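Here the UniProt record's numbering is used: the first residue of the sequence shown is 1, the next is one more, and so on.
Following: one structure in structure tokens, then a few remarks.
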Amino acid sequence: MADYLVIVESPAKAKTIGKYLGKKYIVKASMGHVRDLPKSQMGVDVKEDFEPRYITIRGKGPVLKELKTAAKKVKKIYLAADPDREGEAIAWHLAHSLGIDPNSDCRVVFNEITKQAIKDAFKTPRKINMDLVDAQQARRILDRLVGYNISPLLWKKVKKGLSAGRVQSVAVKMIIEREKEIQEFKPEEYWSIEGQFKMDDETFDAKFYGVDGKKKSLASEEEVQTVLKKIKGKEFDISSVSKKERKRNPVAPFTTSSLQQEAARKLNFRARKTMMIAQQLYEGIDLGKEGTVGLITYMRTDSTRISETAQTESKEFIEKNYGKEFLRQGKRVDKKGSNAQDAHEAIRPTSVFYEPKDVKAYLSRDQLRLYKLIWERLVASEMAPAVMDTMSVDLTNQGVIFRATGSKLKFPGFMKVYIEGNDDGKKEEDRLLPDLEEGGVVSKEDIEPHQHFTQPPPRYTEARLVKTMEELGIGRPSTYAPTLDTIQRRGYVALEEKRFIPTELGEIVLHLIVEFFPEILDVEFTAKMETDLDSIEEGNHRWVQIIDDFYQGFEKRLLVAEEEMKEVEIKDEPAGETCEKCGHDMVYKMGRYGKFMACSNFPDCRNTKAIVKEIGVTCPTCHEGQIVERKSKKKRMFYGCNRYPECEFISWDKPISRPCPKCQQLLVEKKSKKGVQVQCTSCDYKEESN
């Protein structure tokens, strides 16, 4: 019979830990929280110091019964939920349900699920940290007070099924404000002049820099012509040559935020998917003969530090596989953000010796891709900087200066393993220049001016929104993915070409919250609230006082909103079509995933249709229908004929209206990391990327 019962959250985690602990331990899963505030009511007594009323979560009765039965058969119970506020709260709720003294040494925490980490953790059990529990309770109660007071108001004044939350409302506000910036943006004209020059038999490019030693911007075609008229003849003097060595340092290992951003850029993963797969890698993967092993450390963290053991392992691996010259010299300094709690290590492999190629056979495609990203980032962070030879050359003709820049990778350093992605997807490449010397002469081959217009700020991608929220101190590592998921499920925003756009419903709800509850949407207020929650965790503030300070003002605003908030009628907009089933007018309605068309004769007629957007291209198959944008079940954009199912033409690539000049067949736009390239679907005709 086992002597000890260990309770964790998930069966996968239980399986991995059970393997390391041996026969004296029985490991069971609570399947997350066993108690929570009731769904059907507030569950918080505002008159009695915001006392929460917890109940057993529906469906968790059998789980609790099994745990209680197991608890009677052992000498001691250990609570080994995740090492964060949520995990501490789960342990506290379990202690209450199972009659465990929270001040006893019942709590076990570990940052990674490896044999040594588990054995070390069980040598030093501790009591439940009530500061951590109180910080989680404060967040839960705060969100309940906001959500369960404002949401019924929105149901009454706008429509059923709406919700409002602290962090989600600020995220929606950011998306709407960005859209407003884009709509109000006024493009400004500017020009550039690009030149092609020749030295002996080598040609290279340079751009206009300035006149008479001063940098000059070009705002109009007139200014461009003034510059071009100054240039006489073909020869340009090499007026200056600057050669430098530039070092590029590796980036730190992943935090939750940076992992979500990089997985979005490089793997096209949504934040929720990234965290789901990271959870699997953390809880354990069956590696055949070796058994189940946790491959990464805990995935909810805002720290970039790594343990001495991880540093030692990494150095050993790098020296053996790449050479001593690739080792980072000196100690890496971890930059700690002002909002970082730094409670756990960075996200890293539990051992650098679990190389991606060695575990490939045991991982799914997505698990391998994410693990490879985490593994490469850790190894690169412990490697030497990359060294670039850079060269800058000024070419002068009658005081007109063109500047050419070039760079060459002298020593790859960490770039041998990993290069951080960027939001525009461009890769860094060598730009080589001929061996130019000051005082020499080059000849002009071609000079061409280009007109440009300033671009509006880009819409938020998931990665960009997470990054901005982190910079502003809104939310914490555990909240990013659920926040983005919630605002989409509520229909406040939609994803279009992987970028967030606000819906009409989102704008209506935001307008009402701005009018009656401005503090909830104030970025500084939300960031301060996160800091206050951190201070509860650190034992510097009582949670009741923090909640009370907020609620005093909030309660007054609630009373005003109840009296003064007017009902908003979301009128159905005519779609300009008639229902093919009953002949009534079709209207636009707002649904969970944005607008759609529905029959105005509802509920007698329940006909609905997706809104399709024509792209101005006639179907190349039937020559009658129009090509429209459609979305697959996985929300991926594709193009098809509007006469479907009579015509079954589909294309993942966007067709364009002009035919191939070579064979007169269909041309499409193919997207890649280098840009958009026009290609023929029938022959080998291609156009340069733009």
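Glycine included, every Cβ here is placed at the ideal spot set by N, Cα and C.
Keep in mind it's a predicted model, so treat the numbers as computed, not measured.
To the nearest angstrom, how far is it from the Cα of residue i to the Cα of residue j?
{"i": "residue 108", "j": "residue 359", "result": "29 Å"}
{"i": "residue 175", "j": "residue 488", "result": "12 Å"}
{"i": "residue 59", "j": "residue 80", "result": "22 Å"}
{"i": "residue 692", "j": "residue 490", "result": "Lying before the first or after the last residue shown, residue 692 is absent from the chain, which here runs from 1 to 690."}
{"i": "residue 587", "j": "residue 605", "result": "13 Å"}
{"i": "residue 301", "j": "residue 399", "result": "55 Å"}
{"i": "residue 499", "j": "residue 267", "result": "16 Å"}
{"i": "residue 148", "j": "residue 260", "result": "30 Å"}
{"i": "residue 289", "j": "residue 479", "result": "37 Å"}
{"i": "residue 600", "j": "residue 160", "result": "19 Å"}
{"i": "residue 65", "j": "residue 373", "result": "41 Å"}
{"i": "residue 608", "j": "residue 582", "result": "12 Å"}
Just confirm the distance between the C-beta atoms of residue i and residue j, as a whole number of angstroms; I'd bet it's less than 8 Å.
{"i": "residue 401", "j": "residue 190", "result": "In fact, because the Cβ distance is near 18 Å, the residues do not count as touching under 8 Å."}
{"i": "residue 32", "j": "residue 90", "result": "7 Å"}
{"i": "residue 241", "j": "residue 393", "result": "5 Å"}
{"i": "residue 278", "j": "residue 296", "result": "7 Å"}
{"i": "residue 44", "j": "residue 37", "result": "7 Å"}
{"i": "residue 269", "j": "residue 395", "result": "Actually they do not touch by this definition, with Cβ atoms about 45 Å apart."}
{"i": "residue 547", "j": "residue 134", "result": "The pair is not a contact, with the Cβ atoms about 10 Å apart (cut-off 8 Å)."}
{"i": "residue 194", "j": "residue 212", "result": "About 21 Å; that fails the 8 Å criterion."}
{"i": "residue 473", "j": "residue 172", "result": "Not confirmed; about 17 Å, so no contact."}
{"i": "residue 585", "j": "residue 574", "result": "6 Å"}
{"i": "residue 629", "j": "residue 615", "result": "6 Å"}
So, with DSSP's three-state summary, where would you put residue i?
{"i": "residue 444", "result": "strand"}
{"i": "residue 312", "result": "helix"}
{"i": "residue 407", "result": "strand"}
{"i": "residue 79", "result": "strand"}
{"i": "residue 632", "result": "coil"}
{"i": "residue 645", "result": "coil"}
{"i": "residue 141", "result": "helix"}
{"i": "residue 11", "result": "helix"}
{"i": "residue 450", "result": "strand"}
{"i": "residue 18", "result": "helix"}
{"i": "residue 291", "result": "coil"}
{"i": "residue 4", "result": "strand"}
{"i": "residue 262", "result": "helix"}
{"i": "residue 492", "result": "coil"}
{"i": "residue 254", "result": "strand"}
{"i": "residue 195", "result": "strand"}
{"i": "residue 655", "result": "strand"}
{"i": "residue 190", "result": "strand"}
{"i": "residue 469", "result": "helix"}
{"i": "residue 341", "result": "Unreliable placement is indicated for residue 341, whose pLDDT of 47 sits below 50; the coordinate value is still reported in the next sentence. If DSSP states are grouped into helix, strand and coil, residue 341 belongs with coil."}
{"i": "residue 555", "result": "helix"}
{"i": "residue 733", "result": "Beyond the ends of the chain as shown, which are 1 and 690, falls residue 733; an answer cannot be given."}
{"i": "residue 45", "result": "strand"}
{"i": "residue 482", "result": "helix"}
{"i": "residue 270", "result": "coil"}
{"i": "residue 166", "result": "helix"}
{"i": "residue 665", "result": "coil"}
Please list the terminal residues of the continuous beta strand (DSSP E) segment that includes residue i.
{"i": "residue 65", "result": "Careful: residue 65 lies outside any beta strand (DSSP E), inside the alpha helix (DSSP H) at 61–71."}
{"i": "residue 388", "result": "386–397"}
{"i": "residue 219", "result": "Note, residue 219: premise wrong, no beta strand (DSSP E); not H, not E."}
{"i": "residue 205", "result": "202–211"}
{"i": "residue 348", "result": "Segment: none, residue 348 is in no beta strand (DSSP E) and carries neither H nor E."}
{"i": "residue 27", "result": "25–29"}
{"i": "residue 613", "result": "613–618"}
For the candidate residues the options, whose alpha-carbon lies nearest to that of residue i?
{"i": "residue 657", "options": "668, 177, 462", "result": "668"}
{"i": "residue 77", "options": "104, 306, 52", "result": "104"}
{"i": "residue 653", "options": "666, 662, 644, 646", "result": "666"}
{"i": "residue 48", "options": "681, 183, 545", "result": "545"}
{"i": "residue 55", "options": "25, 96, 85, 82", "result": "96"}
{"i": "residue 146", "options": "611, 553, 662, 649", "result": "553"}
{"i": "residue 430", "options": "300, 684, 388", "result": "388"}
{"i": "residue 390", "options": "188, 325, 434", "result": "434"}
{"i": "residue 563", "options": "461, 516, 526, 618", "result": "516"}
{"i": "residue 231", "options": "374, 614, 680, 446", "result": "446"}
{"i": "residue 576", "options": "371, 556, 561, 598", "result": "598"}
{"i": "residue 386", "options": "247, 568, 352", "result": "247"}
What are the start and end residues of the alpha helix (DSSP H) that includes residue i?
{"i": "residue 421", "result": "Here residue 421 belongs to no alpha helix (DSSP H), and DSSP marks it neither H nor E."}
{"i": "residue 578", "result": "Careful: residue 578 lies outside any alpha helix (DSSP H), inside the beta strand (DSSP E) at 573–578."}
{"i": "residue 375", "result": "365–381"}
{"i": "residue 359", "result": "356–359"}
{"i": "residue 536", "result": "523–537"}
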